[in-house]
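In this note's numbering, the protein residues as written are 2 to 59.
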């Protein structure tokens, strides 16, 4: 069985301010987002991934 996981990037200050970010600017992740990333990594540990695709943007 094939499973797909779609994971959105973590929130930043700029997300909260509604500012543009990406290739021409970036804002650090919020502390809450760092905690959510830790929780996600724990959840995903049980899976084996054949492929992972991600954005090259920081």
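Note that CB positions come from ideal geometry on N, CA and C, so glycine has one too.
Just measuring C-alpha positions, the residue of 25, 40 and 39 sitting nearest residue 57 is 25.
Residue ranges of uninterrupted alpha helix (DSSP H) with 4 or more members, entirely inside the segment 2-51 and ordered along the chain, are 14-18 and 32-45. For residue 38, the closest alpha carbon among the candidates 11, 3 and 5 is that of 11. Annotated as proximal: residue 31 and residue 13, with beta-carbon spacing under 8 Å.
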